[in-house]
Amino acid sequence: MSFPECLLITGYNRLKTLQESSMSVDKDTPALILIVDDSVTNLQVLGSMLRENNYKTAVAENGEAALDFVARRKPQLILLDIAMPGLDGFEVCSRLKLDPEFSFIPVIFLSVRTETAEKVRAFKSGGVDYITKPFQREEVVARIEAHLQLQRTKQMLQAANEALEQRVRERTSELMASNAKLEEANIALRVLLEQKDESRGILQETMVSNLKQSVLPLMAQLESEGLTSRQATWMSMIRASIENILSPAQKSLAQQFGFTSTESQLADLIKQGLSTKEMASMLKLSQRTIDTHRHNMRRKLGLSNTSRNLRSCLLDLESKSPASQ
Numbered sequence: 004m005s006f007p008e009c010l011l012i013t014g015y016n017r018l019k020t021l022q023e024s025s026m027s028v029d030k031d032t033p034a035l036i037l038i039v040d041d042s043v044t045n046l047q048v049l050g051s052m053l054r055e056n057n058y059k060t061a062v063a064e065n066g067e068a069a070l071d072f073v074a075r076r077k078p079q080l081i082l083l084d085i086a087m088p089g090l091d092g093f094e095v096c097s098r099l100k101l102d103p104e105f106s107f108i109p110v111i112f113l114s115v116r117t118e119t120a121e122k123v124r125a126f127k128s129g130g131v132d133y134i135t136k137p138f139q140r141e142e143v144v145a146r147i148e149a150h151l152q153l154q155r156t157k158q159m160l161q162a163a164n165e166a167l168e169q170r171v172r173e174r175t176s177e178l179m180a181s182n183a184k185l186e187e188a189n190i191a192l193r194v195l196l197e198q199k200d201e202s203r204g205i206l207q208e209t210m211v212s213n214l215k216q217s218v219l220p221l222m223a224q225l226e227s228e229g230l231t232s233r234q235a236t237w238m239s240m241i242r243a244s245i246e247n248i249l250s251p252a253q254k255s256l257a258q259q260f261g262f263t264s265t266e267s268q269l270a271d272l273i274k275q276g277l278s279t280k281e282m283a284s285m286l287k288l289s290q291r292t293i294d295t296h297r298h299n300m301r302r303k304l305g306l307s308n309t310s311r312n313l314r315s316c317l318l319d320l321e322s323k324s325p326a327s328q
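Using my numbering, you'd call the opening residue of the sequence shown number 4 and step up by one each time.
What follows is the structure, encoded as structure tokens:
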């Protein structure tokens with residue numbers, strides 16, 4: 004399941020839980036409605052009507068008392084008259100909407116005023132509805148219930164959104180932690196591979212060095228002393244095997260400078276400090292042929308018009324190769 008799908012399911016489940024919880028609370032906890040009117044008769048009529056419909060009620064006879072009550076109790080909805088001594092309904096509603104702590108409370112205006120301008124002013128001050136007096140009981144109850152349900156839905160959506168945002172933060176943190184662990188593992192693997200390559204290079208250099216410094220000179224000495232045909236056959240097989248072993252180490256020069264197989268072998272012998280005569284004897288070539296190969300090697304290395312020593316150049320190249328580092 005993808006991350007967005009997981010969030011959608013989480014949000015749906017959260018919203019469903021909140022809705023079920025809200026419905027359960029609504030059955031056991033009637034909404035508290037504040038009635039604000041300077042007419043005692045209106046307060047009594049509205050209070051009786053709302054209590055008959057399972058609402059709790061509180062009353063305030065002026066704007067100051069209404070603001071004081073809201074600060075202490077926070078009703079779920081306010082029925083607000085417009086014409087009152089002191090603060091009128093417009094001012095009371097405007098003050099409530101300016102305070103983030105109370106701005107969410109729906110305010111329904113009740114007034115004998117029927118002018119369009121008054122209704123527009125009521126909505127501009129923050130009211131959610133406007134009921135004219137005399138009112139119909141069923142209409143008032145229906146409007147109250149509709150706005151309470153709308154308010155509950157808004158609160159559920161807000162809670163679900165907060166839950167989703169929290170889940171996103173948690174999931175983002177989890178992904179960052181996982182990415183960090185993967186990066187650590189990747190670094191560790193890269194280090195291991197580098198160490199493996201380094202160890203392989205060291206082993207190869209050691210093996211090549213031993214062959215060049217110990218085995219090949221001994222073979223040259225044996226060959227110079229004369230061998231039987233059987234011994235010569237075995238020696239040829241041994242030399243071929245050694246060349247196969249040395250060939251990977253010789254590839255860099257061959258690939259970089261176009262050395263032939265014989266030139267690569269000569270490069271190894273030159274680095275060991277062998278003379279032209281010694282190399283000719285070891286490779287079964289004439290000294291003239293060795294000189295020709297040396298000339299070609301200098302040309303390929305760009306040393307034709309310089310006095311630089313061929314051996315020092317080859318040793319420098321070897322020291323700069325990845326395997327020797």
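Cβ atoms here follow ideal geometry from the backbone N, Cα and C, with glycine treated the same way.
The C-alpha of leucine 195 lies about 16 Å from the C-alpha of lysine 184. The three-state secondary structure of aspartate 84, taken from DSSP, is strand.
Beyond the five residues adjoining it in sequence on each side, glutamate 67 comes within less than 8 Å, by CB distance, of Gly89, Leu90 in the same chain, given in chain order.
Threonine 231 counts as exposed, since fewer than 16 other beta carbons sit within 10 angstroms of its beta carbon. Per DSSP, aspartate 91 lies in no alpha helix (DSSP H) segment and is marked neither H nor E.
Selection Ser267, Leu80, Ile293, Asn45 evaluated against leucine 35 yields Leu80 as nearest (Cα-Cα). As DSSP reads the structure, aspartate 102 sits in no beta bridge.
Classified as buried, aspartate 132 has 16 or more neighbouring CB atoms from the shown chains inside 10 Å of its CB.
Here valine 95 is near valine 39, since their CB atoms are less than 8 Å apart. In this structure leucine 317 touches isoleucine 273 by the C-beta definition: roughly 6 Å separates them, less than 8 Å. Along the region 113-148, the beta strand (DSSP E) occurs as fully enclosed runs of 3 or more residues at 132-135, listed in sequence order.
The Cβ-Cβ distance between lysine 77 and isoleucine 111 does not fall below 8 Å.
Counting of Cβ neighbours within 10 angstroms places glycine 92 among the buried residues, the total reaching 16 or more. Nearest C-alpha to threonine 32 among Lys303, Leu219, Asn57: Asn57.
Excluding its 5 nearest sequence neighbours in each direction, isoleucine 293 has C-beta neighbours in its own chain below 8 Å: Leu269, Thr279, Met282, Ala283, Leu286, listed in chain order. Contact between alanine 69 and leucine 37 holds: their C-beta atoms lie close to 7 Å from each other, under 8 Å.
For threonine 60, the enclosing beta strand (DSSP E) begins and ends at 59-63.
A straight-line Cα-Cα distance of about 21 Å links valine 48 and threonine 117. Residues of the same chain with a CB within less than 6 Å of the CB of glutamate 64, apart from the 5 flanking positions on each side, are Asp41 in chain order. Ranked by how close their Cα comes to the Cα of isoleucine 241, the residues Phe260, Gly261, Leu219, Gln224 have Leu219 in first place.
Going by DSSP, valine 39 is part of the beta strand (DSSP E) stretching over 35-39. Residue burial is scored here from C-beta neighbours: serine 128 has at least 16 other C-beta atoms within 10 angstroms and is therefore classed as buried.
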